[in-house]
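In what follows, a single structure is set out as structure tokens and then discussed.
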Amino acid sequence: MKRQSVKPDPGHAKSEALQYIPVRNEIASWQLKENNIVLIEYPLPLKPLFKSILQRFNKRPVVNPTKKLQLDTMGSQVWQLIDGKRDTKTIIKTFASYHSVSLHEAEQSVTAFFRELGKRGLISLEKPL
Amino acid sequence: MERPTPPSKTIAWNGLEYTVPITWEAVVTGKRQLLFEDDLEPVLELKWNKRHAPTLEQAHDRVIKQLSREFGQPDSINNINKNNKQYQTLQFSWRESSFSVFLLFCPVCHASILVRPYVLSTDIQEISASLHCHGMDQTTRWAVQDFSFSLPTSWLLDSYSFSMGFTRISFKQHNSSIHLCRMLPASAHLQNDSITSLLRKLTGCSESSLQLNHCEEFVELQNCPSIVSQLRLRMKRKKPFVYGRLWLHKASDKLLGFTIEDIKPPSLPMIEQIYNSHEATIR
């Protein structure tokens, strides 16, 4: 007999996800530039094979190359809202009030930004205590 | 003593109007699908179809297939038609996950509306009392965010986009298309661009296009190509006549506008009808 699958409740999953707290990764350093623009510098991960080859030709220990990422005005605002205490929902609400947009519009924008930062390893989401 | 009625607003999307508390936000999840959220928490989902099933029984058969695919076979189906003159109502329940889905069937316009409440205390009678699926006149009202407009029913929804600060809803009818938009905050959009250049970007009109009307808060553009250009554009399957209007709604710091693409010059009464119905609502 074919087993019937029951989809998880999307409402519950979303509510839970919005409670997670974004935390900046300590390996990334950042500075505030003119017009409140944030510049992030983070090391690029090197594959162990490349690292060992480089090590063979270098006398000094191999330092991972770094990459710089300059955020736009909105991204800089969100980055500064990430303090390890505010949860995703609070950040979305604050962002929506800054730009007078609806909560849903802010949610789409902020979560897409978090996804991008997460892909680069610049933030992680921590479960609230 | 009567309870004071909480402030409400009407959400209108693709033939369905629903009055909801003012704090609720409607999220468009499909051409005939809306999700309502309160403080970013989902509270209710509506999915509807029009004229697909002439009776409640046929609507039931269609819905049961769809629900079985999504949630599995329901454990119980109850007919709860008590005191409901507007809709015939069926309740589908699942014991394991303790939630219900309701099918509201309108015998007048044969619309079948699937209601999925995310809050257990939801009263289906209250929902059905504030739902409207068929209008009296030949226009359809659209009000999903903080702006609304009306269009003749012959215009069909083609596509939509709700990115942050920029909303676009497009409609089609024969060889014409209308794109309605809302931009906010207007002050940020107008920081780097003038209202005319914003409209040029929206319409894709070049500098040579005719500027019909222009002031600081209102601009109107029309592309009137020569016969040769018209032929060339038609051969490229493009619509030669492009009209656009963009204006500033100062009170809510929004830019509202619409563009029309057609194979013939758009009619002035239609332009005025859209303009007069397109309004911003202050959140």
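Protein sequences, first through last, are from chains A and B.
Residues in the first sequence are numbered consecutively from 30, following my numbering.
Residues in the second sequence are numbered consecutively from 6, following my numbering.
Virtual Cβ for every residue (Gly too), placed ideally from N, Cα, C.
Taking the Cβ atom as the reference point for each residue, do residue i and residue j lie within a distance shorter than 7 Å?
i	j	result
S105 of chain A	N65 of chain A	yes
S138 of chain A	M169 of chain B	yes
V68 of chain B	L40 of chain B	no
L251 of chain B	L132 of chain A	no
I82 of chain B	F97 of chain B	yes
R100 of chain B	D80 of chain B	yes
A285 of chain B	F176 of chain B	no
L119 of chain B	H194 of chain B	no
L83 of chain A	V91 of chain A	yes
E30 of chain B	E42 of chain B	yes
Between which two residues does the beta strand (DSSP E) carrying residue i extend?
i	result
D163 of chain B	L161 to S168
Q38 of chain B	Q38 to D43
L98 of chain A	T95 to Q99
Q235 of chain B	Careful: Q235 of chain B lies outside any beta strand (DSSP E), inside the alpha helix (DSSP H) at I232 to M240.
K52 of chain B	E46 to K55
Y71 of chain A	V67 to P72
S81 of chain B	S81 to N84
So, at 6 Å on beta carbons, what are the nonlocal neighbours of residue i in its own chain, with the 5 sequence-adjacent residues on each side left out?
i	result
L61 of chain B	Q93 and F110
F171 of chain B	M188
T24 of chain B	S13, T15 and S135
L125 of chain B	none
V224 of chain B	I200, T201, L204 and L251
T264 of chain B	H184, L207, T208 and G249
S105 of chain B	Q96 and S98
E22 of chain B	T15 and H137
S164 of chain B	S175
L215 of chain B	Q227 and C229
Note down, in chain order, each residue of its chain lying with its Cβ closer than 7 Å to the Cβ of residue i, except the 5 sequence neighbours on either side.
i	result
R32 of chain A	With a pLDDT of 46 at R32 of chain A, under the threshold of 50, the modelled position of this residue cannot be trusted; read the value that follows with caution. No residues qualify anywhere along the chain.
P157 of chain B	Q143 and T144
L68 of chain A	W59, Q60, K62, K97 and Q99
K269 of chain B	F246
G20 of chain B	K55, C138 and T145
Along the chain, where does the alpha helix (DSSP H) containing residue i start, and where does it finish?
i	result
E221 of chain B	No alpha helix (DSSP H) contains E221 of chain B, which DSSP labels as neither H nor E.
I56 of chain A	Per DSSP, I56 of chain A belongs to no alpha helix (DSSP H) and is neither H nor E.
T172 of chain B	No alpha helix (DSSP H) contains T172 of chain B, which is instead part of the beta strand (DSSP E) from F171 to Q178.
V68 of chain B	L61 to F76
N197 of chain B	A191 to N197
For residue i, list the residues DSSP reports as bridge partners.
i	result
K14 of chain B	B:V25
V254 of chain B	Reading off the sequence shown, one finds His at residue 254 of chain B, where the question assumed Val. Answer is B:K259, bridged to H254 of chain B.
H184 of chain B	B:S175 and B:T264
F152 of chain B	B:A285
Y248 of chain B	B:Q227 and B:I265
V299 of chain B	Outside the shown range of chain B, which is 6 to 288, sits residue 299 of chain B, and nothing can be said about it.
Q13 of chain A	Because chain A is modelled from 30 through 158, residue 13 of chain A falls outside the range shown and cannot be assessed.
E277 of chain B	In the DSSP output, where bridge partners are listed per residue, E277 of chain B has none listed.
S153 of chain A	A:V52
L215 of chain B	B:Q227
P157 of chain B	B:T144
Excluding the 5 residues preceding and the 5 following residue i in the sequence, name in chain order all residues of the same chain whose CB lies nearer than 8 Å to its CB.
i	result
I120 of chain A	P51, V107, L110, I111 and V139
M30 of chain A	Caution applies to M30 of chain A, whose pLDDT of 45 falls short of 50 and renders its modelled position unreliable; the value that the coordinates give is listed next. Cβ within range, chain order: n/a, list empty.
P157 of chain A	Q48, Y49, I50 and D116
T95 of chain A	E70, Y71, P72 and L73
Quiz item: Where are the alpha helix (DSSP H) runs, 4 residues long or more, that stay fully inside the region 93 to 150 of chain B, in chain order?
Solution: 129 to 134
Quiz prompt | Residues, ordered as in the chain, of the region 27 to 41 of chain B that lie near chain E by beta-carbon distance below 7 Å | solution = Although the question refers to chain E, the structure presented lacks it and instead comprises the protein chains A and B.
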